[in-house]
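K.L.:
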Amino acid sequence: MRIAAQRQKVIMDKIRAGIPINVGEFSRELGVSTMTIRRDLERLEIEGLLTRTHGGAVPLNGSFEEPSFAEKMSQFPEEKMAIAKKASELIEEGDTVLLGAGTTLTALAKLLKNRQNLTIVTNTVNVAMELAQSEGIQLILTGGHIRTKSYALVGPLTERVFREVHAKKVFLGVNSISIEHGLSTPDMTEAYTNAQMIDSADKLIVLADHSKFGQGALSRFADIADIDTLITDNRTPLHFLEQARKRSVNVIIVNPGEPS
9 MRIAAQRQKV IMDKIRAGIP INVGEFSREL GVSTMTIRRD LERLEIEGLL
59 TRTHGGAVPL NGSFEEPSFA EKMSQFPEEK MAIAKKASEL IEEGDTVLLG
109 AGTTLTALAK LLKNRQNLTI VTNTVNVAME LAQSEGIQLI LTGGHIRTKS
159 YALVGPLTER VFREVHAKKV FLGVNSISIE HGLSTPDMTE AYTNAQMIDS
209 ADKLIVLADH SKFGQGALSR FADIADIDTL ITDNRTPLHF LEQARKRSVN
259 VIIVNPGEPS
């Protein structure tokens, strides 16, 4: 019963994050049969927590609307902070880095405030606000059209800036990751902007807690093999991590709650 409860909690974490469940993919991630996953979904549907579909499940109201930024901030804060701390260790004095949107990237920006001799280019308003008073950081904020769900600046103006800069590293959050669909986001314009950021940097570092692993969102902007380093927490499915490593991704796993 304890194992079933843990499995169902993972399912609900994904559902609450707006990620639909695919029975086949999820059974491979957890190393259990598709029948076991179907029984879990049936149980959760009886409890009024989700709606089953052909081959999987969706949120109870059937909506895939992206959560607000405030809602995202309240999801898995310990995991996000642990991931952000590990990411900060990959940024060295003298680096030029690109920082994308997302609540984990916001946590990373807070950790960089007192760093020296960095150049940071970002397309995210709240990330820029975190770093605006940092004397040791040369901060560049792109222009563009703002997305209220992520505070990201996107579109042709944003992409033009990224075409004209070069960075050692780009740090990106993501709405959804899967082996089949790669990295994806619900917004097509943001996806194109993310792709341009990746093209402008030598290395792609992805920051993603365990809730992001599942069926892809609408717009893919990179393949798994495009990732140089993936930083995630210890609740991410082992099946996915094994597949990522087979594609030469450097996987770093953090343990939330452990002392730094």
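Under my numbering, the first residue of the sequence shown carries the number 9, and numbering increases by one thereafter. For glycine and all other residues, C-beta sits at the position ideal for the given N, C-alpha and C.
Mind pulling the alpha helix (DSSP H) runs of 4 or more residues that sit fully within the segment 29–89?
P.N.:
31–38, 42–54 and 77–81
K.L.:
How many angstroms separate the CA atom of serine 71 from the CA atom of serine 186?
P.N.:
Note that serine 71 has pLDDT 48, beneath the 50 cutoff, so the model's placement of it is unreliable and no number is given.
K.L.:
Is the segment 117–136 touching the segment 228–242 in the sense that three or more CB pairs, one from each, lie closer than 8 Å?
P.N.:
no
K.L.:
Check for me: the beta strand (DSSP E) holding phenylalanine 221 runs from which residue to which?
P.N.:
According to the DSSP assignment, phenylalanine 221 belongs to no beta strand (DSSP E), since it is labelled neither H nor E.
K.L.:
Given 8 Å as the limit, is there contact between the segment 137–153 and the segment 204–216, that is, 3 or more CB pairs closer than that?
P.N.:
Put simply, the segment 137–153 does not touch the segment 204–216. Fewer than three CB pairs are less than 8 Å apart.
K.L.:
Across the segment 45–57 and the segment 173–186, are there enough close Cβ pairs to call them in contact, namely three or more that are closer than 8 Å?
P.N.:
no
K.L.:
What are the start and end residues of the alpha helix (DSSP H) that includes isoleucine 206?
P.N.:
196–207
K.L.:
Measuring only the C-alpha atoms, how far is phenylalanine 170 from methionine 205?
P.N.:
As the crow flies, the alpha-carbon of phenylalanine 170 is around 6 Å from that of methionine 205.
K.L.:
Quick one: is the Cβ of leucine 119 within less than 7 Å of any heavy atom of the ligand SAM?
P.N.:
Among the ligands in the structure shown, none appear at all, so the ligand SAM cannot be discussed.
K.L.:
In chain order, what residues of the same chain have a beta carbon less than 8 Å from the beta carbon of glutamate 87, not counting five sequence neighbours either side?
P.N.:
Asp217, His218, Asp241, Arg243, Val262 and Pro264
K.L.:
Between which residues of its own chain and threonine 104 is the CB-CB distance below 7 Å, once the five residues before and five after are set aside?
P.N.:
Thr127, Ala175 and Lys176
K.L.:
Would you report the Cα separation of histidine 153 and leucine 165, rounded to the nearest angstrom?
P.N.:
8 Å
K.L.:
Distance check for alanine 13 and glutamine 141, CA to CA, integer angstroms please.
P.N.:
46 Å
K.L.:
Give me the Cα-Cα distance between lysine 157 and glutamate 50, rounded to the nearest whole angstrom.
P.N.:
In this structure, the alpha-carbon of lysine 157 lies about 32 Å from that of glutamate 50.
K.L.:
Roughly how many angstroms lie between the CA atoms of isoleucine 99 and alanine 252, to the nearest whole one?
P.N.:
Taking the straight line from one Cα to the other gives about 23 Å.
K.L.:
Could you tell me which residues DSSP pairs with asparagine 258 in its beta bridges?
P.N.:
Thr237
K.L.:
For the putative contact between alanine 92 and threonine 61, defined by C-beta atoms under 8 Å, what is the C-beta separation to the nearest angstrom?
P.N.:
Rounded, the Cβ-Cβ distance is 34 Å, inconsistent with contact.
K.L.:
Alpha helix (DSSP H) containing arginine 171: first to last residue?
P.N.:
Element bounds for arginine 171: 164–171.
K.L.:
I need the DSSP call for alanine 109, collapsed to helix, strand or coil.
P.N.:
coil
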